[in-house]
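A short worksheet on the structure shown next.
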Amino acid sequence: MLTRIKDLAAKLAPRLIEIRRHIHSHPELSGQEYQTAAFVAGVLSSSGLHVQEGVGKTGVIGELQGTNENDHLLAIRTDMDALPIQEGTNLEYASRADGIMHACGHDVHTTVGLGTAMVLSQIAEELGGKVRFLFQPAEEIAQGASWMVKDGAMENVSAVLGVHVFPSIPAGSIGVRYGALTAAADDLEILIMGESGHGARPHEAIDAIWIACQVITALQQAISRTQNPLRPVVLSIGKINGGRAPNIIADKVQLLGTVRSLHPETRAHLPNWIENIVANVCHTYGAKYQVNYRQGVPSVQNDYTLTQLLQSAAEEAWSSDRVQVLPEPSLGAEDFSMYLEHVPGSMFRLGVGYKERMINHPLHHPQFEVDESAIITGVVTMAYTAYKYCQQNS
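The letter at position 97 of the sequence shown is residue 97 when you use UniProt numbering, and the numbering goes up by one with no holes.
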């Protein structure tokens, strides 16, 4: 069966490159993936899948029914949205949308999902199980997975697989990770309320800007001395709003940032830990405060058994020297984790780097490029893993 899957994927290769380049040329922002969704639905329908559109606002579901009626339904999730970045690659198929680019590889993800559906549709009678393809919107704003789940995308699903491109790994290679793959990412807003006054008489005011600086410093110092260094926390303040004029002491400052962590236990105590530090600093200098901590997406925690299945399938397909067990997680976030709150799952890294290049630009870079040979690597890996899963559970 592996040889057959490889042959089918190889025959589809030119078409898949066309699909990827079409999607890359016509990127759409989160929640606005109307043309992409219509295109995806058309490809799925032409491959004989049962298609639902408008799932999770602009998401698409394609259902492939195998011949064996069992209770195990495998979901394969890929995302479709692009980023608000002006492309700087000068490729002939570069983005035609001003200020929008597939700089995170979601065009490749969508193509891998479609290619996997096209391959599996041709072996449906021998699949021995059911597969549901989730083409998700709005991953970049960490909303699409929740929209899809709310609209029933995970009903009756037993397990879920995902893929994400990785320019640090050369094309033709696969990266798997046991346990934590990505970090939880939460939003943080801190308001510091002091009292305004004349810049020449600071002792008569409560300087919110100066106190905000003390808060930022205290938080960063406290991480190094009160958090377990083996369970990392990254707190970044990315925006500061405050002040009215150079000679007026500010009475109010807003701090906006993110808090990233890998372990659920660590994440659970972070809101109180942050508020205690802010409170101590503000009370010391007579200011009032407000801390608004909003939980975003949790950490992607790959299931051991499914990751083992992915690794074995990839090693059978490509040999063990092209499959890496990644030693470290990423502190980036992925709303694939929202599906994992319902069923076990695993996401693998698809190498897309050019072997001959000294520099492969990172994700979210205006000159990010992928070696398109990686598409077939992704399709074969995903399709063969899905086949093995269905066979094990038939």
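All C-beta atoms in this analysis are idealised placements derived from N, C-alpha and C, irrespective of residue type, glycine included.
Terminal residues of the alpha helix (DSSP H) in which Phe-39 lies: Looking at the DSSP string, the run of the alpha helix (DSSP H) that includes Phe-39 is 34-46.
Could you pull the start and end residues of the beta strand (DSSP E) that Asp-79 belongs to? 73-79 is the span of the beta strand (DSSP E), which, as asked, contains Asp-79.
If you run the structure through DSSP and keep just helix, strand and coil, what is Phe-368? In this structure, Phe-368 counts as coil in the three-state DSSP scheme.
Residues in its own chain within less than 6 Å of Asp-79 by CB, not counting five upstream and five downstream? Cβ neighbours of Asp-79 beyond the five flanking positions: His-106, His-109, Gln-136, Glu-139.
Note down, in chain order, each residue of its chain lying with its Cβ closer than 6 Å to the Cβ of Val-157, except the 5 sequence neighbours on either side. The residues are Leu-73, Ala-75, Val-343.
Hey, out of Gln-367, Leu-310, His-361, Lys-6, whose CA is closest to Arg-349's CA? Relative to the Cα of Arg-349, the nearest Cα in the group Gln-367, Leu-310, His-361, Lys-6 belongs to Leu-310.
Reduced DSSP category for Ala-212 - H, G, I as helix; E, B as strand; rest coil: In the three-state scheme derived from DSSP, where H, G and I count as helix and E and B as strand, Ala-212 is classed as helix.
How many Å lie between Val-131 and Ile-359 at the Cα? Using only the alpha carbons, I get a separation of about 38 Å.
For Tyr-304, does the count of other Cβ atoms within 10 angstroms reach 16, so buried, or fall short, so exposed? Residue burial annotation: Tyr-304 is exposed, with fewer than 16 other C-beta atoms found within 10 angstroms of its C-beta.
Cβ shell of Arg-21 (< 7 Å), same chain only, five flanking positions each side left out: Correct list, in chain order: Tyr-93.
Classify Ser-25 as helix, strand or coil using the three-state DSSP reduction. Helix.
Helix, strand or coil at Tyr-354 according to DSSP, with G and I counted as helix: Here Tyr-354 sits in coil by DSSP.
Rounded straight-line distance, which links the Cα of Ala-383 to that of Leu-120: Going from the Cα of Leu-120 to the Cα of Ala-383 covers about 6 Å.
CA nearest to the CA of Glu-334, picked from Leu-188, Arg-260, Tyr-285, Leu-270: For the residues Leu-188, Arg-260, Tyr-285, Leu-270, the minimum Cα distance to Glu-334 belongs to Arg-260.
Please give me, in chain order, every unbroken run of the alpha helix (DSSP H) with length at least 4 that falls completely inside the segment 138-180. Counting only runs of 4 or more residues that sit fully inside the segment 138-180, the alpha helix (DSSP H) segments are 144-150, in chain order.
Start and end residues, beta strand (DSSP E) containing Thr-258: First-last of the beta strand (DSSP E) with Thr-258: 252-261.
Check the C-beta distance from Gly-62 over to Leu-44 and give it rounded, since I have them as a contact under 8 Å. 4 Å between Cβ atoms; contact.
Under the DSSP definition of a beta bridge, which residues are partnered with Ala-268? Per DSSP, none; premise fails for Ala-268.
Is the beta carbon of Ser-299 closer than 8 Å to that of Ser-337? The beta carbons of Ser-337 and Ser-299 sit closer together than 8 Å.
Could you check whether the segment 310-320 touches the segment 209-221, counting it as contact only if at least three pairs of C-beta atoms, one from each stretch, sit closer than 8 Å? Not touching, per the Cβ criterion.
Can you list, in chain order, the residues of its chain with a C-beta nearer than 6 Å to that of Ile-192? Leave out the 5 residues immediately preceding and following it. The answer, listed in chain order, is Ala-208, Ile-211, Ala-212, Val-253, Ala-287, Tyr-289.
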